[in-house]
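Just so you know, the protein sequences line up as chains C and F, in that order. Under this note's numbering, think of the first position of the first sequence as 1, with each following residue one higher. Under this note's numbering, think of the first position of the second sequence as 1, with each following residue one higher. For glycine and all other residues, C-beta sits at the position ideal for the given N, C-alpha and C. Some notes on the structure that comes next.
2 protein chains.
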Amino acid sequence: MSAAIPNPSRALVPRTVLAASKRAIAAPPTIKDIARDLGVAASTVTRALQGHPRISEAMRAKVAAAALAMGYVPDSTARTMRTKVSRLVGFIAPNVEDNDSAAIACAMADCCNRAGLQLVLAVSNDDPGQEAAHIRTLIGARAAGLIIVPTASPTDEARMLIRRLPYIQVIRRLAELDSDYIVFDDEHAIREATKHLIDTGHRRIAYLGSLARLSTGMHRVEGYRKAFKRAGIAVDERYIRTTAPDGMGVREALHDMLSTLAPTAIVAGGSRITVAMLQVIDALKLDVPRDLSVVGFGDHVWSNWWRDGLTTVCLPIQELASAAGSLLVRRVGEAAQGIAAGPARGTRFRPRLIPRSTTRSLKT
Amino acid sequence: MSAAIPNPSRALVPRTVLAASKRAIAAPPTIKDIARDLGVAASTVTRALQGHPRISEAMRAKVAAAALAMGYVPDSTARTMRTKVSRLVGFIAPNVEDNDSAAIACAMADCCNRAGLQLVLAVSNDDPGQEAAHIRTLIGARAAGLIIVPTASPTDEARMLIRRLPYIQVIRRLAELDSDYIVFDDEHAIREATKHLIDTGHRRIAYLGSLARLSTGMHRVEGYRKAFKRAGIAVDERYIRTTAPDGMGVREALHDMLSTLAPTAIVAGGSRITVAMLQVIDALKLDVPRDLSVVGFGDHVWSNWWRDGLTTVCLPIQELASAAGSLLVRRVGEAAQGIAAGPARGTRFRPRLIPRSTTRSLKT
DNA sequence: CTGAAAGCGCTAACAT
DNA sequence: ATGTTAGCGCTTTCAG
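As structure tokens, this is what we get:
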């Protein structure tokens with residue numbers, strides 16, 4: 001899987017074949033072509049193009065005109081090779097199907113663009129092998145930086161390689177990776193959700209979260225426990241379940257808890273888990289909130305549409321995304337100047353609970 | 001906006017500064033380093049790495065080991081410069097926030113990865129200027145190909161440049177661009193939706209679509225009209241409205257139609273329009289389907305959650321995405337071999353209507 | 001089977 | 001203000 005084969009030999013399009021390409025379509029004009037046309041040296045053309053100070057206005061205009069006429073587009077690979085850095089920035093996420101990651105990707109792409117950087121999207125599917133492959137590719141492209149939602153346990157290779165560029169962790173955080181990170185305050189999120197239920201008289205509160213090997217999973221359960229502790233109530237561990245965020249896992253866990261523990265409320269510990277959970281509750285035709293109070297994770301347009309409005313935790317996604325984007329831009333700039341990036345800095349954005357109609361008070 | 005400034009002078013991170021970078025972090029090992037370590041020539045190392053036939057097994061092993069030990073990662077920019085093609089593939093879309101594009105991006109990233117290609121995500125925000133900039137960047141990176149959801153009117157520059165690489169249009173299609181395209185059968189989608197309403201006795205059917213300058217907008221209205229024509233009923237143009245897909249535009253159009261035309265049903269002609277429309281209907285506290293029958297565009301998890309289940313048109317997104325992905329991979333391969341890509345090929349995927357609970361029959 | 005050398009397009013010293 | 005030159009890392013003839 002993570003075999004360190006320097007050349008992507010799994011490529012279906014053989015490189016040797018790719019090599020022939022383009023030539024068939026048309027050879028793109030180069031700086032030399034412009035130079036020849038104008039009867040000047042290549043270096044003059046570069047300087048004119050870059051707006052170098054010691055270049056005559058006349059020359060600059062002539063060059064610009066010629067470039068435009070020929071449809072000249074600078075070859076960024078050549079430039080990168082000389083200058084040692086590209087304007088590429090990677091974003092490695094486990095998936096982009098769920099709105100959260102998509103929104104983040106989008107916001108970051110925007111941020112990068114504004115800084116003249118280009119966002120490369122890479123989906124890891126939460127597989128360390130794919131993650132490593134993407135890191136390798138980005139390193140190979142001499143990417144300027146990297147934003148990553150790390151898998152639970154990156155390969156050794158990934159850990160080694162990633163240090164070659166400025167990177168920041170987002171959403172999830174592996175302390176061992178020791179980098180800047182920007183996450184949600186997961187503990188706070190679930191603590192508030194659980195507290196809300198406790199405050200309204202619930203005691204048998206089920207928690208259905210994602211695997212605890214992830215920082216998110218860990219902090220979220222912790223939030224659940226803290227809420228009970230602060231209320232001075234013992235935590236009944238049987239009410240805590242973790243599962244893969246797919247329909248099947250959630251269905252089983254839910255069925256099991258509902259039939260054996262008779263919870264009066266349930267808290268979801270993840271976006272995809274929330275969706276699956278709501279679907280199972282629909283299938284079960286449960287009367288919410290009479291039979292069961294429900295708190296979701298993540299707020300979307302449709303939150304208002306589930307039953308009479310889902311009580312849920314709202315994640316400040318835009319804030320996180322743009323913070324991540326601008327921090328990366330800064331780090332890239334620093335690295336560029338050879339500034340040893342200071343100590344890793346972490347930011348936590350606080351989600352907040354949005355009470356709607358899927359929770360009811362048990363107090364008289 | 002579309003000024004042909006060859007160098008991205010709008011870059012916030014000055015290139016000259018970027019240039020200094022990396023060096024500070026660590027100089028990545030090159031093929032030469034391996035060669036020196038092993039006391040062989042650089043060319044031998046390349047060949048060993050590529051699995052060239054005429055290389056001894058012993059040498060290959062030694063090189064592989066050394067490469068791995070040093071954490072060697074081939075510099076794709078250098079390779080691209082030599083071979084003239086990169087393994088980058090661009091995806092330019094107006095936005096990635098709405099699930100459709102996100103799902104498409106994701107499926108395509110997968111497809112590209114399997115072919116050893118890397119997907120670069122670029123968001124145009126439906127702005128021809130940004131679109132052109134992205135095309136320029138991709139050309140500059142010597143991208144192998146491009147998948148694009150074109151804006152209504154790409155700049156002249158964009159039109160010129162895009163021809164330098166294999167590309168295919170997706171979702172929307174501009175005939176002038178004359179390329180492969182893979183779209184939904186928009187006309188069919190809205191025709192079916194409208195037909196469903198006509199068949200169940202509706203006559204005053206409102207249509208709220210996106211701007212007709214886009215192929216999608218055009219075909220969808222056409223579907224509306226066709227449905228009436230085929231039923232032998234005259235089309236009342238007053239019931240047709242187009243609007244930007246934002247909350248405000250939709251609200252106004254809807255208010256207006258509802259108050260002056262008393263429609264018994266409404267058909268949405270776009271994903272984002274659907275969402276906005278549902279929100280307005282909520283705000284108006286309309287009784288659906290008693291006061292108004294509603295047909296949406298696009299099917300999502302939440303479609304089941306709006307009222308008692310939204311009657312809507314289901315888009316075969318996965319099919320479109322993977323078709324697009326594999327077609328592009330094929331085209332890239334062909335271009336690579338200098339094969340003049342045959343005539344532009346188009347594919348239309350048929351959406352289908354999913355009747356749920358937001359439409360009711362007016363027949364006795 | 002391996003080495004030497006040239007060159008992809010661009011930039012940055014170093015000349016003029 | 002402009003020209004010359006060297007070289008980034010890799011691939012690919014052309015020679016052994």
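| message | I need the straight-line Cα distance from residue 295 (chain F) to residue 309 (chain C), nearest angstrom please. | response | 21 Å
- prompt: Whole-angstrom Cβ separation of residue 145 (chain C) and residue 119 (chain C), contact assumed at under 8 Å?
  reply: So it is not a contact: roughly 10 Å between Cβ atoms.
**Prompt:** Any C-beta of chain C sitting closer than 9 Å to the C-beta of residue 119 (chain F)?
**Reply:** So, interface residue.
Does the distance from the C-beta atom of residue 248 (chain F) to that of residue 208 (chain F) stay below 9 Å?
no
query: Using CA coordinates, which residue listed in C:111, C:104, C:95 is at the minimum distance from residue 110 (chain F)?
result: C:95
With a threshold of 9 Å between beta carbons, is residue 176 (chain F) in contact with chain C?
Not an interface residue.
Residue 214 (chain F) versus F:236, F:173, F:206, F:241, residue with shortest Cα-Cα distance
F:173
- Task: Assuming residue 315 (chain C) contacts residue 100 (chain C) (C-beta within less than 8 Å), just tell me the rounded distance between them.
- Result: 7 Å
Query raised in the report: Are three or more beta carbon pairs between the stretch 75 to 83 of chain F and the stretch 68 to 80 of chain C nearer than 8 Å?
Result: Touching, per the Cβ criterion.
Run through chain F and tell me which residues come within less than 8 Å of residue 139 (chain C), C-beta to C-beta. Residues of chain F with a Cβ closer than 8 Å to the Cβ of residue 139 (chain C) are, in chain order, 28, 73.
Q. Taking Cβ positions only, does residue 248 (chain F) come closer than 9 Å to chain C?
A. no
query: List, in order along the chain, the chain F residues whose C-beta lies closer than 9 Å to that of residue 112 (chain C)?
result: In chain order: nothing, as chain F lies at least about 10 Å away.
Hey, how far is the Cα of residue 47 (chain F) from the Cα of residue 88 (chain C)?
28 Å
When you compare only the Cα positions, how much space is there between residue 270 (chain F) and residue 245 (chain F)?
About 8 Å.
Note down, in chain order, every chain F residue with its Cβ under 8 Å from the Cβ of residue 161 (chain C). 71, 73
Report task. Using a Cβ cut-off of 7 Å, pull out every chain F residue sitting near residue 277 (chain C), in sequence order please. Result -> Correct list: empty, because the minimum Cβ distance to chain F is about 12 Å.
Considering just the uninterrupted stretch of the beta strand (DSSP E) at residue 241 (chain C), what are its terminal residues? 240 to 242
Notebook entry, point to check: When the Cα atoms are used, what is the spatial distance from residue 280 (chain F) to residue 123 (chain F)?
Noted result: 28 Å
Does the beta-carbon of residue 131 (chain F) have 16 or more other beta-carbons within 10 angstroms, so that it is buried, or is it exposed?
buried
Going by DSSP, which residues form a beta bridge with residue 267 (chain C)?
BP columns for residue 267 (chain C) point to C:207, C:295.
**Message:** Please list the terminal residues of the continuous beta strand (DSSP E) segment that includes residue 118 (chain C).
**Reply:** 118 to 123
When you compare only the Cα positions, how much space is there between residue 126 (chain C) and residue 69 (chain C)?
The alpha-carbon atoms of residue 126 (chain C) and residue 69 (chain C) are separated by roughly 47 Å.
Worksheet item: Hey, would you say residue 265 (chain C) sits closer than 9 Å to residue 292 (chain C), going by beta carbons?
Response: yes
Exercise. Kindly say whether residue 131 (chain F), judged by its beta-carbon, lies nearer than 9 Å to any beta-carbon of chain C.
Key: no
Counted within 10 angstroms of its Cβ, other Cβ atoms place residue 169 (chain C) as buried (16 or more) or exposed: That one is buried.
query: If you drop the 5 nearest sequence neighbours on each side, which residues of the same chain put their C-beta closer than 7 Å to that of residue 323 (chain F)?
result: 182, 347
Spatially closest choice to residue 90 (chain F) from F:106, F:318, F:216, F:147, by CA coordinates = If we check each option's Cα against that of residue 90 (chain F), F:147 comes out closest.
**Report entry** Closest by C-alpha distance to residue 157 (chain F), when choosing among F:177, F:319, F:171
**Finding:** F:177
query: Exposed or buried, which one is residue 57 (chain C) when buried takes at least 16 other CB atoms within 10 Å?
result: exposed
**Asked** Going by the CB atoms, is the gap between residue 71 (chain F) and residue 161 (chain C) shorter than 9 Å?
**Response** Yes, these two residues count as a Cβ contact at 9 Å.
Inset, instruction - Answer with yes or no whether the minimum CB distance from residue 123 (chain C) to chain F is below 9 Å. - result: yes
Exercise for review: Can you tell me which of the three DSSP states residue 217 (chain C) falls into?
Suggested key: Collapsing the DSSP output to three states places residue 217 (chain C) in a helix.
Checklist entry - If you draw a straight line from the C-alpha of residue 364 (chain C) to the C-alpha of residue 200 (chain C), how long is it? => result As the crow flies, the alpha-carbon of residue 364 (chain C) is around 10 Å from that of residue 200 (chain C).
> CB residue 223 (chain C) to CB residue 190 (chain C), shorter than 9 Å?
Replying inline: Contact flag set, yes.
Just to confirm before moving on: does the CB-CB distance between residue 250 (chain F) and residue 273 (chain F) stay below 9 Å? yes
- prompt: So, are the CB atoms of residue 342 (chain F) and residue 107 (chain F) less than 9 Å apart?
  reply: no
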